[in-house]
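Input: a single structure, listed below in C-alpha cells.
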Amino acid sequence: MAIIAEGATEVGFVTALINRSLGEDMRRYGIWVSDGGSNSEALAVLRGIADSGLKVAGFVDNEGTQMGLWQQVKDKLGLLLMRWDNGCLETNLIPHLADDQLEAFIRDPDGDDGERLRTLADRAGSQDKSLAAIQAATDNIRQLMIDAACGNAPAEVAENTKKAWKKHGQRGPNLPRVAWSLLRKCLLLAFGPEVQPQLLPFVNAARDAVGLPAVQTVD
1 MAIIAEGATE VGFVTALINR SLGEDMRRYG IWVSDGGSNS EALAVLRGIA DSGLKVAGFV
61 DNEGTQMGLW QQVKDKLGLL LMRWDNGCLE TNLIPHLADD QLEAFIRDPD GDDGERLRTL
121 ADRAGSQDKS LAAIQAATDN IRQLMIDAAC GNAPAEVAEN TKKAWKKHGQ RGPNLPRVAW
181 SLLRKCLLLA FGPEVQPQLL PFVNAARDAV GLPAVQTVD
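Going by my numbering, the first residue of the sequence shown is number 1, and it counts up by one from there.
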C-alpha cells in the first residue's frame, strides 16, 4: 500500500509513526510512503489512485481549499485519509510541546541549532539568538516557532523581510529528519490527548490494511 504524504516533513513523520506502531520497517508489510509534492498535487494523486480502486492512504494538511474534492477522497478512503481538522503538522504539534521540549525540538538531529535559533531571533527582533533571549523577546514562543516552520510572514513587514521570512520554513524545525528525531526521542507531543485522537484512527486503518489488529494508543 502506498501512503501519499503531502511533503518531505510529512514523509518523515508518517514513516516514523507507522514504523513505531508496527515495531519494524513498514516495507516488510508492503507499505511505502511517497512525497506528494504539495497539498494540491497530493490531492490529484490521491484522487487518481482512489478512482482506480487500488489501495492507497494519505497524510495531508488542511489548507481550507478544495473542500469538496477532499471530501470525495475522504468518502472513498475513509480513515486511510489523515487530514488535520485544521492546519498542518507543525500547527497541530508545536502548541503541545512542553517547556522542556522546546530546545530539543529546535535542535537539529546532529545537535546544531544555530541556524534555526537565528530564524527565531530575527522574527523576535533579538540580536541574541539564545533560546532564553528569544523567549524573553516574544510573548508566544510556540507561535513564533510555527510561523518560522511554516514560513509565515505578516502583511505589515517590509517586502524584503517578508521574502526572507518566507524562506525560514526551509531552515526552521520542520524538516523530515526532525520528525524522525522527534519520535526517536519519544517526545510525547504527538501522543497526548490533544493529538492522539486524530492520529490513532489513521494508524489503525493502516494496520488493518495489512491485516494487523487495532491498537489502543499511538505510542
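We put the CB at the ideal spot given by N, CA and C, even for glycine. As the structure is a computational prediction, the values presented were derived from the model and not from experiment.
Leaving out five residues before and five after residue i in sequence, what residues of the same chain have Cβ atoms less than 8 Å from its Cβ?
i	result
residue 125	137
residue 57	1, 2, 3, 4, 77, 80, 81, 82, 202, 205, 206, 209
residue 74	81, 83
Since residue i and residue j should fall inside the 8 Å C-beta cutoff, what is the C-beta to C-beta distance between them, to a whole number of angstroms?
i	j	result
residue 98	residue 77	About 33 Å separates the two Cβ atoms, so there is no contact after all.
residue 146	residue 102	Residue 146 to residue 102, Cβ: 12 Å. No contact.
residue 120	residue 148	6 Å
Please classify residue i: is it buried, with 16 or more other beta-carbons within 10 angstroms of its beta-carbon, or exposed?
i	result
residue 34	exposed
residue 115	exposed
residue 214	exposed
residue 21	buried
residue 9	buried
residue 157	exposed
residue 65	exposed
residue 32	exposed
If you drop the 5 nearest sequence neighbours on each side, which residues of the same chain put their C-beta closer than 7 Å to that of residue i?
i	result
residue 154	none
Taking DSSP's pairing of strands, which residues face residue i in a bridge?
i	result
residue 18	Answer by DSSP bridge pairing: none, since residue 18 is not bridged.
residue 223	What the structure shows of the chain is the stretch from 1 to 219, and residue 223 is not part of that stretch, so it cannot be assessed.
residue 81	58
residue 87	62
Here's a check: name, in chain order, each residue in its chain whose Cβ is nearer than 6 Å to the Cβ of residue i, leaving out the five neighbours to either side.
i	result
residue 128	none
residue 88	61
residue 91	146
residue 200	218
inquiry  = Extract the residue ranges of the beta strand (DSSP E) inside the region 20-76, only unbroken runs of 3 or more that lie entirely within it.
reply    = 32-35, 56-60
key: Complete runs of the alpha helix (DSSP H) confined to the region 103-150 [at least 4 residues]   = 114-124, 131-137, 141-150
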